[in-house]
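A short worksheet on the structure shown next.
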Amino acid sequence: MPHPLVNQDQIDTYQRDGVVLVKGLFADHVETLQAGVARNMAQPGPYASNNDKAGETGRFFDDYCNWQRIPEFEQVIRDSAAAQVGAELMQSETAQLFHDHVLVKEPGTSMATPWHQDGPYYFVEGRQTVSFWSPLDPVAEATLRCVAGSHLWEKPVLPTRWAKGDAFFDPAPYMPVPDPDAEGMDVREWHMEPGDAVAFNYGILHGARGNTANARRRAFSLRLVGGDARYVERPGPTSPPFPGHDMRAGQKLRRDWFPVLWPQS
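The working numbering numbers the first residue of the sequence shown as 2 and each following residue consecutively.
Following this line, the structure appears as structure tokens:
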């Protein structure tokens, strides 16, 4: 039987559309995650950025790969139902941690999160992938927006740097970043309460508007992979880079760096 937070219809929807809302996934962990975000912002990691972009107002802070030094993140990653729910959505016997990601848009932040797919930035490929995006504040206009079915597109979308807009790799193998609103795509978005989570495949095109509200928008993301995920070589540095990982193409992610969270040992 699936975990009480998901049902078979949600699992089927995830497999078909690549995105589904999971109400209350982190509801019992919101205060812990808020404390972790505060610690992260006070002690940024080496990949932290304020996404300074000419002409944009406010502050859009993001940072990733901090679970090993932010105890609140590790506690939630290991104690929440996310790994089991992720395994069920992916239809995988296992759920393995890839990385965590924090995204904070202060009030009056005009910069949108650009439309992108996560997968092309990563050095991992597989059908069984899931990313959870969970707001730690009530959110409406600055919520996550996902294009249903985009994980099944024949070509991946070109990965670009958010602030500069330049491409990570040679654009030739990729499709240009589309404008889903202009092209009438099936964009899914939800009004969300703290602890709700959007679950989406790494191949889903997604983005978010700026934050015009009077309150900050804090979000915690958790990226997991399933049993069919394998390391793949890219034509340049990936994001996250994980220097010194020593993996070769076709290998599963090394478990000492990327622990298996489900089933629990």
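Idealized CB from N, CA, C, for every residue including glycine.
Bear in mind the structure is a predicted one, so any value in this text is a computation, not a measurement.
- Message: Just to check my reading of the structure: residue 21 and residue 116 have Cβ atoms closer than 8 Å, yes? What is that Cβ distance to the nearest angstrom?
- Response: As a working note, residue 21 is residue 20 in the sequence shown. As a working note, residue 116 is residue 115 in the sequence shown. A Cβ-Cβ distance of about 19 Å is found for the pair residue 21 and residue 116, leaving them out of contact under the 8 Å criterion.
- Message: In the DSSP assignment, the alpha helix (DSSP H) including residue 79 goes from what residue to what residue?
- Response: Residue 79 sits at position 78 when you count from the first residue of the sequence shown. For residue 79, the enclosing alpha helix (DSSP H) begins and ends at 72-80.
- Task: Have a look at 169, 253, 27 and 55 and flag the residue whose alpha-carbon is nearest the alpha-carbon of residue 228.
- Result: Start at 1 with the first residue of the sequence shown, and residue 228 comes out as number 227. Nearest C-alpha to residue 228: 253.
- Message: Relative to the C-alpha of residue 114, which candidate in 184, 157, 17 and 180 has its C-alpha closest?
- Response: Position 113 of the sequence shown, counting from 1, holds the residue named residue 114. Considering only alpha carbons, the answer is 180.
- Task: Indicate the three-state DSSP secondary structure (helix, strand or coil) for residue 41 in the structure shown.
- Result: For the purposes of this step, residue 41 is identified with residue 40 of the sequence shown, where counting begins at 1. Correct three-state label for residue 41: helix.
- Status (buried if at least 16 other CB within 10 Å, exposed otherwise) for residue 73: Mapped onto the sequence shown, residue 73 falls at position 72. So residue 73 counts as buried.
- Could you work out which residue in 17, 2 and 5 is closest to residue 150 when comparing CA atoms only? On the sequence shown, position 149 is the one that residue 150 refers to. Minimum Cα distance to residue 150 is reached at 17.
- Consult DSSP for residue 176 and reduce its assignment to one of helix, strand or coil. Start at 1 with the first residue of the sequence shown, and residue 176 comes out as number 175. DSSP places residue 176 in strand when its eight states are reduced to three.
- Query: residue 144: which of 196, 3, 48 and 56 sits nearest, CA to CA?
  - Reply: Indexing the sequence shown from 1 puts residue 144 at position 143. Of 196, 3, 48 and 56, the residue nearest in Cα terms is 196.
- Using a Cβ-Cβ cut-off of 6 Å (strictly less than) and excluding sequence neighbours within five positions of residue 120, which residues of its own chain qualify? Your numbering for residue 120 matches position 119 in the sequence shown. Counting only Cβ-Cβ distances below 6 Å, and skipping sequence neighbours, we find 203 and 204.
- Measure the C-alpha to C-alpha separation of residue 83 and residue 206 and round it to an integer number of angstroms. Your numbering for residue 83 matches position 82 in the sequence shown. Your numbering for residue 206 matches position 205 in the sequence shown. Each residue's alpha carbon lies about 21 Å from the other.
- Starting from residue 113, trace the beta strand (DSSP E) both ways and give me its first and last residue. Here residue 113 refers to the residue found at position 112 of the sequence shown. No beta strand (DSSP E) holds residue 113; DSSP gives it neither H nor E.
- Helix, strand or coil for residue 246, going by three-state DSSP, please let me know. Indexing the sequence shown from 1 puts residue 246 at position 245. In the three-state DSSP reduction, residue 246 falls in the coil class, being neither helix nor strand.
- Query: Looking only at its own chain, which residues have a Cβ that is under 7 Å from the Cβ of residue 89, when we skip the five neighbours before and after it?
  - Reply: To locate residue 89, count along the sequence shown from 1; it is residue 88. Within the same chain, residue 89 has close Cβ partners 3, 4, 7 and 12.
- Going along the chain, which residues of its own chain have a beta-carbon closer than 7 Å to the beta-carbon of residue 60, five neighbours each way excluded? Within the sequence shown, residue 60 is the residue found at index 59, counting from 1. Contacts found: 51, 107 and 110.
- Task: Decide if residue 176 is buried, meaning its Cβ has at least 16 other Cβ atoms within 10 Å, or exposed.
- Result: Mapped onto the sequence shown, residue 176 falls at position 175. That one is exposed.
- Message: I want to know whether the segment 220-240 touches the segment 120-129 - three or more CB-CB distances under 8 Å.
- Response: With the cut-off at 8 Å, the segment 220-240 and the segment 120-129 touch.
- Query: DSSP on residue 184, reduced to helix/strand/coil?
  - Reply: Here residue 184 refers to the residue found at position 183 of the sequence shown. Judged by DSSP in its simplified three-state form, residue 184 adopts coil rather than helix or strand.
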